[in-house]
Each structure stands twice: as structure tokens, then as C-alpha cells.
Amino acid sequence: MDCPGCGLQRAVVFLFQGEFLAAFKMYPAIYSILLLFGFLSLDFLFKIKYANKIIIFLMISSVGLILINFILKFF
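Residue numbering for the sequence shown follows our numbering, starting at 27 and increasing by one per position.
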């Protein structure tokens with residue numbers, strides 16, 4: 027049985043190889059996770075107004091994509 031994080035490392039490898047569609051197919055939440063970490067880095071360097079709301083939105087969307095991907099693996 028696959029775990030919810032299965033495919034994340036392979037998706038990162040695909041990103042480094044420049045295969046963006048293959049990375050998305052391997053792990054659909056890869057881009058929302060990258061956006062989340064990128065925004066967290068920017069918020070650390072520059073204090074951004076309404077950062078908490080944006081971070082919560084990105085976290086919920088990442089978890090949602092992870093769960094949807096995990097559920098769809100069973101079908």
C-alpha cells in the first residue's frame with residue numbers, strides 16, 4: 027500500500043530533470059508544496075501583510091491535493 031507521500035522524491039527528481047508534467051503526474055501536490063515553501067521563505071525575509079491567510083490557504087490546498095491523490099490511487 028502506498029503512503030500519502032509516495033512519489034514526492036521522484037517528482038523532485040523529475041523537476042530537476044525539467045520534466046514538469048511528469049512531476050505533476052507523479053505527485054500532484056508538488057507545485058503547491060513548492061509554492062508554500064517559497065512563500066514561507068519570502069515571508070521570513072520580508073514581512074508580508076496577510077501572510078498568515080496565504081500560508082493557511084497554501085497548507086490546506088497542499089493537504090487537500092495530497093489526500094485526493096492518495097484516495098484516487100485506490101481506484
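The C-beta atom is built at its ideal place from N, Cα and C for all residues, glycine as well.
| Check | Outcome |
| --- | --- |
| Stretch pair the region 64 to 81 + the region 36 to 54: three plus CB contacts closer than 8 Å | no |
| Backbone CA spacing between valine 38 and phenylalanine 96 [nearest angstrom] | 18 Å |
| Buried or exposed by the 16-neighbour rule on C-beta atoms within 10 Å, applied to phenylalanine 63 | exposed |
| Identity of the residue in Leu98, Phe46 and Phe65 nearest asparagine 78 by Cα | Phe65 |
| Backbone CA spacing between valine 89 and tyrosine 76 [nearest angstrom] | 20 Å |
| Whole-angstrom distance between isoleucine 80 and glycine 31, CA atom to CA atom | 23 Å |
| Among Phe101, Ile59 and Lys99, nearest to isoleucine 86 - alpha-carbon criterion | Ile59 |
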